[in-house]
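Below is one structure; the comments refer to it alone.
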Amino acid sequence: MNFFKKNPLFVAFFVLILGPTIILSVFSFRNIVNENYLAEKTFNEHQQSFRKEVEAAINAEEHKIFSEVKNASLFLYEQPRSLMDFGKDAHYKNVSGVKAIFLFNGDTLIYPHLPRFFSLAKTSSFSTTRASLIEQEIFQKELENSKESEIARSFRLMQAPLESRNDQAANLLGLVRIAFKAKKYKEADKLLAVLEQSNYRQGYLQSNLTASIRQLHFEILVALGEHGAAEQFCKSNLKAFFAGEYFGDIATVKFFFESMLDQILSFENLSEESREEFWNFRENLSREIKTSEYYTDYLETIQKLLESKENDNDGLARQFIETELFFKMSYPWLSGNQEVVGILDQDIIEKRLVQKILEVAKDWNDVPYVLRNSKDSILAQNTGGEEQLLQQREISPALHLELSIYQRNQSELARETTNKVILMTLLIIFSLITVIAGLVFMFRSVHQERSLLAMKANFLSSISHELKTPLTSIKMFAEMMAKGRVRNVERIPEYANMICKETTRLENLIGAILNYTRMENGRSAFQWERLNLATAVEKVFENVEQIAINRGLTIDKHLDPDNFITGDYTAVYSMIQNLIENAIKYTNPPGEIHVRVYADGDKAIFEVQDTGVGIALSEQKNIFNDFYRVGDEMTRSTKGSGLGLAIVKRAADAHKATIALASKPGQGSTFSVKFRKAE
Ligand code: ADP
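Numbering (the working numbering), first residue to last: 20 to 698.
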């Protein structure tokens, strides 16, 4: 109790820091024990969150795709409708993941608008009569580049009345082809003119025959280098197509116009303006034709989708029909009667969604999962799926993606838990050690501070006593002599001697105090020079030898010359002086004192050995402290300040010298100071 009362700081420290640290540590240890259970719980939470985040990411991405479709649908109104517009740059937004979109207003198809040309023409239904056997034979010969084919064709033409109109046209066309191949372009052109002037074209010829004639016409113009005429020819055909003339099925139209436009765009002498115009023709037409292809291919499906009411709630319906994934978008996504039907590109959408899932998975790499598509192929995974299956969900209503989440690998979990436990334990132990070490350190310094204060107070009282004693004697003898109270005049020299002795004592004491303060200031106050250790010891020896002899002690010296050190003379001198004086002070007669200087390798050693009272082991670490005096009878009866060894220690430190002490109470002490030898 007394201890706590005396140390309120300790109590405060205990209550505010150590106590809470210990309590927290105990709780942490208890938690560590539950770490395995916690890890499992955490994993459970993780896998739930992972699934939720994946679902949210998929929903968000799908929503984004449909928002893009919605935006793109606005541009569909601006798509070209007439030949004039096809030459202009058109606004169009491609949606990554969507193959085709068709825009309706009510029942009216707004985009693409080409299909009506195909369907219109279809109603006029051409008979696709098969080419006659003779025609097939001749065509084969033509392909073989045989001269016979030309003769045969000319011969057959002469029998014109006997041939069907179709066969006649085919013959004539064959001759055009032969002339064209033989690079007789003029001749081919003339023959073609005959073919075109006759009324084979409208209503009589098979569509592919018509297309072939046009195709050849264009080729001949190009071959003749009549680029301007070729451009005009292309435009007039486009015009005719837009005016509703039948050019064949979509594939034929596509091939016919695209090959023509590609060739025109490769003309080197095409003007910038025309190039842009034909480029736009090509772009707009291709896009329209591509969408129209899808439209005509899936006409029935699209109609069915338009009629279905499935998406009345959220304005979106998704449906796998045959192999394609269709969607229908209407109010509230779109306004009024607008409806968009489209075909999604599964591969690209899958890629877009997987990308999002991978982004989510990055944050949850402790959750083993496998993602499969509707064809059961794996799109993403971070496990072999050997562990127990925890949950399996369809996460994309459109693509039927399936997310499977598995149990964590148990050994991995155990390893992670162990690592965590070790880390946390180390952390707790370390923090406890830090707090306790801090506490010990703090109390040690408080304790040292206190004892230093006590020693200083002790020093002041003893120093004043020390100063006062010689002063009193000096004053007494001086007054006696001054006032002529000395009865026996012969004793005057004795008194003067006394005054002298006491003055020397005073001088020594003040010298020690001054030395101490000088040491306190440290190395900066020193003057470094090369010193002969033996010479310095000799000097001290001269001054103290007599004192030892007077005390009835035997004092001897053994000084190896030429032991040089780098040092401050005053500091080294007072160090030697203090050590020899202590040996004299603390050795009772008849005792012995040995002073030595010798070399040991690169060290120069100064040693004082006495047969005095010795120093107890427990005191040996204290005697070098400032103002410290051993508190036994002997020391008390010996005058001193407790500064001597403090001075020795400081001087040694400043010289990077070490002090060794070997002592046993009653048997004597040996102080050795090891200096580094100077070069
Ligand atoms: P002091 O002025 O008391 O001599 P010092 O710092 O020189 O102060 O010494 C500290 C204490 O160490 C002394 O009080 C004494 O008890 C002890 N001491 C020092 N030198 C010796 C020695 N040679 N033999 C025995 N004790 C010694």
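For glycine and all other residues, C-beta sits at the position ideal for the given N, C-alpha and C.
Distance cut-off 7 Å: Asp672 Cβ against heavy atoms of ligand 1: By one-based count along the sequence shown, residue 672 stands at place 653. In this structure, the C-beta of Asp672 stays at least 7 Å away from each heavy atom of ligand 1.
Residues bridged to Gln411 (per DSSP): What you label residue 411 is simply residue 392 of the sequence shown in a count that begins at 1. Beta-bridge annotation (DSSP): Gln411 is paired with Ser423.
Selection from Ile642, Asn303 and Asn582 that minimises the alpha carbon distance to Lys107: Sequence index remark: in the sequence shown, residue 107 carries index 88 (1-based). Nearest option by C-alpha distance: Asn303.
Three-state class that DSSP yields for Gln400 in the structure shown: Within the sequence shown, numbered from 1, the residue matching residue 400 stands at position 381. Looking at Gln400 - three-state DSSP - the assignment turns out to be strand.
Spatial distance of Lys683 from Thr689 (CA atoms): Position 664 of the sequence shown, counting from 1, holds the residue named residue 683. Position 670 of the sequence shown, counting from 1, holds the residue named residue 689. Rounded to whole angstroms, the separation of the alpha carbons of Thr689 and Lys683 is 10 Å.
Distance CB(Glu611)-CB(Leu578) smaller than 8 Å: Taking the first residue of the sequence shown as position 1, residue 611 is located at position 592. Taking the first residue of the sequence shown as position 1, residue 578 is located at position 559. Their beta carbons are not under 8 Å apart, which means Glu611 does not touch Leu578 by this criterion.
DSSP beta-bridge partners of Ile678: Taking the sequence shown and counting its residues from 1, one reaches residue 678 at position 659. Paired residue(s): Val692.
Span separating the alpha-carbon of Pro27 from that of Phe460: Your numbering for residue 27 matches position 8 in the sequence shown. Your numbering for residue 460 matches position 441 in the sequence shown. Rounded to the nearest angstrom, the two C-alpha atoms are 16 Å apart.
Bridge partner(s) assigned by DSSP for Arg120: Looking up residue 120 in the sequence shown gives position 101. First, the amino acid is wrong: residue 120 is Ile here, not Arg. Beta-bridge pairing links Ile120 to Gly361.
Chain-order list of residues whose beta-carbon lies under 6 Å from that of Pro609 (same chain, five-residue window excluded): Within the sequence shown, residue 609 is the residue found at index 590, counting from 1. Answer for Pro609: Gly571, listed in chain order.
Sequence-distant residues of its chain with Cβ nearer than 7 Å to Val454 (five each side left out): Locating residue 454 in the sequence shown gives position 435, where the first residue counts as 1. Result list for Val454: Ile36, Leu37 and Thr40, in chain order.
The segment 379 to 395 contacting the segment 415 to 434, beta-carbon criterion three pairs below 8 Å: yes
Sequence-distant residues of its chain with Cβ nearer than 6 Å to Ser691 (five each side left out): The residue you call residue 691 lines up with position 672 of the sequence shown. Residues Ile624, Glu626 and Ala679 of the same chain have their beta carbon placed closer than 6 Å to that of Ser691, with the five preceding and five following residues left out of the count.
Minimum length 4: unbroken alpha helix (DSSP H) runs contained in the segment 202 to 287: 204 to 216, 220 to 223, 226 to 242, 246 to 261 and 269 to 284
CB contact flag (Lys160, Ser168, <8 Å): Position 141 of the sequence shown holds residue 160. Position 149 of the sequence shown holds residue 168. Cβ atoms of Lys160 and Ser168: closer than 8 Å.
At least three beta-carbon pairs within less than 8 Å, the segment 263 to 281 to the segment 291 to 308: In short, these stretches touch, since the Cβ pair count reaches three.
Residue environment, Gln221, which counts as buried when at least 16 other CB atoms sit within 10 Å: As a working mapping, residue 221 is identified with position 202 in the sequence shown. Only weak support exists for where Gln221 lies, its pLDDT of 45 falling under 50; the coordinates are left without a value.
Buried versus exposed call for Gly685 [16 or more other C-beta atoms within 10 Å across all chains shown]: One-based indexing of the sequence shown puts residue 685 at position 666. Gly685 is exposed by the Cβ-count criterion.
Pick from Gln234, Ala262 and His613 that is closest to Ala249, judged by C-alpha positions: For this step, residue 249 is matched to residue 230 along the sequence shown. Among Gln234, Ala262 and His613, the Cα nearest to that of Ala249 is on Gln234.
Coarse secondary structure for His747, derived from DSSP in three states: Outside the shown range of the chain (20 to 698) lies residue 747, about which nothing can therefore be said.
Distance, Pro489 Cα to Lys696 Cα: The residue labelled residue 696 in the question sits at position 677 within the sequence shown. The residue labelled residue 489 in the question sits at position 470 within the sequence shown. Between Lys696 and Pro489, the C-alpha separation is close to 41 Å.
Those residues which DSSP pairs with Glu548 across a bridge: In the sequence shown, counting from the first residue as 1, residue 548 sits at position 529. Under DSSP, Glu548 shares a beta bridge with Gly586.
Phe252 and Phe237 closer than 8 Å at C-beta: The residue labelled residue 252 in the question sits at position 233 within the sequence shown. The residue labelled residue 237 in the question sits at position 218 within the sequence shown. Against a cut-off of 8 Å, the Cβ pair of Phe237 and Phe252 comes out as a contact.
Local Cβ density within 10 Å of Ser415, reported as buried at 16 or more and exposed below that: Counting from 1 along the sequence shown, the entry for residue 415 is found at position 396. Buried is the call here.
Distance cut-off 7 Å: Asn527 Cβ against heavy atoms of ligand 1: Taking the first residue of the sequence shown as position 1, residue 527 is located at position 508. Flag unset: Cβ of Asn527 not near ligand 1.
Assigned exposure category for Met279 - 16 Cβ within 10 Å defines buried: Here residue 279 refers to the residue found at position 260 of the sequence shown. Label assigned to Met279: buried.
Inter-residue CB distance, Phe703 and Val360 (contact presumed, cutoff 8 Å): This structure cannot settle anything about residue 703, because the visible part of the chain is limited to 20 through 698.
Contact test: Tyr592 Cβ vs ligand 1 heavy atom, cutoff 7 Å: Reading the sequence shown from its first residue, position 573 is the one you call residue 592. No, ligand 1 has no heavy atom inside 7 Å of this Cβ.
Alpha helix (DSSP H) segment containing Val73, residue limits: Indexing the sequence shown from 1 puts residue 73 at position 54. Its alpha helix (DSSP H) spans residues Glu54 to Leu95.
Glu509 versus Ala515: straight-line alpha-carbon distance, rounded: Counted from its first residue, the sequence shown places residue 509 at position 490. Counted from its first residue, the sequence shown places residue 515 at position 496. Distance between the alpha carbons of Glu509 and Ala515: 11 Å.
Opposing strand residues paired with Glu626 [DSSP bridges]: On the sequence shown, position 607 is the one that residue 626 refers to. BP columns for Glu626 point to Arg615 and Ser691.
Cβ shell of Gly586 (< 6 Å), same chain only, five flanking positions each side left out: What you label residue 586 is simply residue 567 of the sequence shown in a count that begins at 1. So the list reads Leu550 and His674, once near-sequence residues are dropped.
Among Tyr265, Asp645, Asn190 and Leu372, the one whose alpha carbon lies nearest that of Gly116: Looking up residue 116 in the sequence shown gives position 97. Of the candidates Tyr265, Asp645, Asn190 and Leu372, the one whose C-alpha sits nearest the C-alpha of Gly116 is Leu372.
Span of the alpha helix (DSSP H), counted from its first residue to its last, around Asp333: Position 314 of the sequence shown, counted from the first residue, corresponds to residue 333. Counting along the chain, Asp333 falls outside any alpha helix (DSSP H), and DSSP gives it neither H nor E.
Cβ contact check for the segment 361 to 371 and the segment 126 to 136: 3 or more pairs under 8 Å: Short answer: they don't touch.
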